[in-house]
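**Q** Everything in the sequence shown is counted per my numbering, starting at 2 for the first residue and increasing by one.
Cβ coordinates follow ideal geometry from the N, Cα and C atoms, glycine included.
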Amino acid sequence: MAEKSCVKRLQKEFRALCKEPVSHIVARPSPNDILEWHYVLEGSEGTPFAGGYYYGKIKFPPEYPYKPPGISMTTPNGRFITQKKICLSMSDFHPESWNPMWSVSSILTGLLSFMVDTSPTTGSVSTTTEEKRRLAKSSLAFNCKNATFRKMFPEYVDKYNQRLSEQAASEQTASEVASRDKSSRPMLRKVTESTGEDMKVSAGELKEL
């Protein structure tokens, strides 16, 4: 069970995040357990993670902020092994370097920065830039299959559904254009053939004249 000071601190941090959101980061505590937070990191532009949405969890100890949390990522990303704790100076891998002044926002900002770093660490994986981009492109679809993600982040589900609607509309438009082009080709040939016959007749008439 969380200590009173821990609960108070996490509640304060959540209010701060709601009041002043951090760029590329969304984080919320579980409705049933304030020690379990869920987050989404949006991939930074100019990196292989651009356009990606990376879902994960932070598990806080009852002694927080005097002890560090555990951090993991659920979305395949090409940088960290999924469902495995990530080794950071701000995580429970390094309690000796933990600073009680650090917060949820500073932890996730550090994680976002560490994503674009190539330094190996416990819980990391090495992949190509192309693979990271492929995973970024499919990340939102992957996340929306997760019931907890859908419950915690309905705005991203809406974004995904909107993307599907736009894709369907685009495909339908392309299909209609292709269909119109196909149906107009015989008509063009007919007009051309007709024009040719008219020219022959006109030439004959001129000869008679």
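Using 8 Å for Cβ pairs, my map puts Tyr40 next to Gly52. What's the rounded Cβ distance?
**A** Numbered from 1 along the sequence shown, position 39 holds the residue referred to as residue 40. Numbered from 1 along the sequence shown, position 51 holds the residue referred to as residue 52. Not really, about 18 Å apart at Cβ, beyond 8 Å.
**Q** So, helix, strand or coil for Ser90, using DSSP?
**A** Here residue 90 refers to the residue found at position 89 of the sequence shown. Reduced to three states, the DSSP call for Ser90 is coil.
**Q** Do Tyr54 and Asn78 have their beta-carbon atoms positioned less than 7 Å apart in this structure?
**A** As a working note, residue 78 is residue 77 in the sequence shown. As a working note, residue 54 is residue 53 in the sequence shown. For Asn78 and Tyr54, no; Cβs fall outside 7 Å.
**Q** Using three-state DSSP, classify Ala28 as helix, strand or coil.
**A** Taking the first residue of the sequence shown as 1, we reach residue 28 at position 27. Ala28 falls in the strand class under three-state DSSP.
**Q** When you compare the CB positions of Ile87 and Ile108, do they come within less than 7 Å of one another, or not?
**A** Translated into the one-based positions of the sequence shown, residue 87 becomes position 86. Translated into the one-based positions of the sequence shown, residue 108 becomes position 107. Not in contact: Ile87 and Ile108 (Cβ atoms no closer than 7 Å).
**Q** May I ask you to report which of helix, strand or coil DSSP gives Asp118?
**A** Locating residue 118 in the sequence shown gives position 117, where the first residue counts as 1. Note: Asp118 maps to coil in three-state DSSP.
**Q** Is it right to say Met102 is buried, meaning 16 or more other beta carbons lie within 10 angstroms of its own, or is it exposed?
**A** Within the sequence shown, the letter at position 101 stands for residue 102. Exposed is the call here.
**Q** With three or more C-beta pairs closer than 8 Å as the rule, is the region 147–156 touching the region 119–129?
**A** No, because fewer than three Cβ pairs between the region 119–129 and the region 147–156 fall closer than 8 Å, the two stretches do not touch.
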